[in-house]
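Enquirer:
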Amino acid sequence: MSESVLVLVCAAALLPIIAGGALLWLFTRRLQVARARIDTLTGELELVRQSISGLTAGAVGTDRRIQHLEARERQLAERQETYEIQQVDDQPYGHAIRLVQQGAGVSRLVDELDLSQNEAELIVRLHGHRQSA
């Protein structure tokens with residue numbers, strides 16, 4: 122065989138090996154890029170998890186504070202109602218005022234509480250339900 126044919130045969134034999142090596146290098150490089158991307162995404166995912174964890178903890182704390190404030194609001198409303206009832210009861214005509222607020226008229230105040238006609242009329246005017254004109 123001539124030398125040129127031998128070179129061609131060797132080149133033809135080496136060509137698949139060189140092509141295979143090039144493909145192997147290309148796949149290795151793509152694998153490195155993919156792994157780097159996975160590492161980046163893993164880091165971003167961890168940041169998202171931490172953010173969600175922080176938001177969840179904040180929401181739980183906010184929920185507790187809201188529940189505490191609602192309970193406190195109920196307590197204050199009850200205390201205010203009790204105070205208002207006591208305030209009406211502490212007034213000399215407290216029972217008469219309550220009766221008028223419930224719809225009692227002058228005659229009922231005079232009959233049940235032994236108030237004078239003038240006292241009963243004054244209490245009805247001051248504390249009775251106003252009629253629309």
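254 is the number that this note's numbering gives the last residue of the sequence shown; the numbers go up by one with no jumps. Quick reminder that beta carbons are idealized off the backbone N, C-alpha and C, glycines included.
#1: Just how far apart, CA to CA, sit residue 245 and residue 176?
#2: Measuring only the C-alpha atoms, how far is residue 179 from residue 153?
#3: Grab the span of the alpha helix (DSSP H) containing residue 234 for me, first residue to last.
#4: Check whether the region 195 to 204 touches the region 217 to 237, counting contact only when three or more Cβ pairs, one atom from each stretch, lie closer than 8 Å.
#5: Given residue 217, which residues of its chain have a CB within under 7 Å of its CB, disregarding the five upstream and five downstream residues?
#6: Compare the C-alpha of residue 239 against each of 227, 127, 132, 170 and name the closest.
#7: Use the C-beta contact count for residue 134: other C-beta atoms within 10 angstroms, 16 or more gives buried, fewer gives exposed.
#8: Alpha carbon to alpha carbon, what distance is there between residue 248 and residue 254?
#9: Is DSSP giving residue 137 helix, strand or coil here?
#10: Which first and last residues belong to the alpha helix (DSSP H) in which residue 248 is found?
#11: How many angstroms separate the CA atom of residue 250 from the CA atom of residue 192?
#12: Where does residue 164 sit, in a helix, a strand or coil, going by DSSP?
#13: With DSSP collapsed to three states, give me the class of residue 223.
Expert: The relevant details are as follows:
#1: 58 Å
#2: The straight-line gap separating the alpha-carbon atoms of residue 179 and residue 153 is approximately 39 Å.
#3: Looking at the DSSP string, the run of the alpha helix (DSSP H) that includes residue 234 is 227 to 234.
#4: no
#5: Closer than 7 Å at Cβ, skipping near neighbours: 230, 234, 236, 244.
#6: 227
#7: exposed
#8: Residue placement at residue 254 is poorly supported in this model, since its pLDDT is 39, which falls under 50; the coordinates are not used for a value here.
#9: helix
#10: Segment 238 to 248, the alpha helix (DSSP H) holding residue 248.
#11: 33 Å
#12: In the structure shown, residue 164 adopts helical secondary structure according to DSSP, grouped into three states.
#13: Looking at residue 223 - three-state DSSP - the assignment turns out to be coil, as it is neither helix nor strand.
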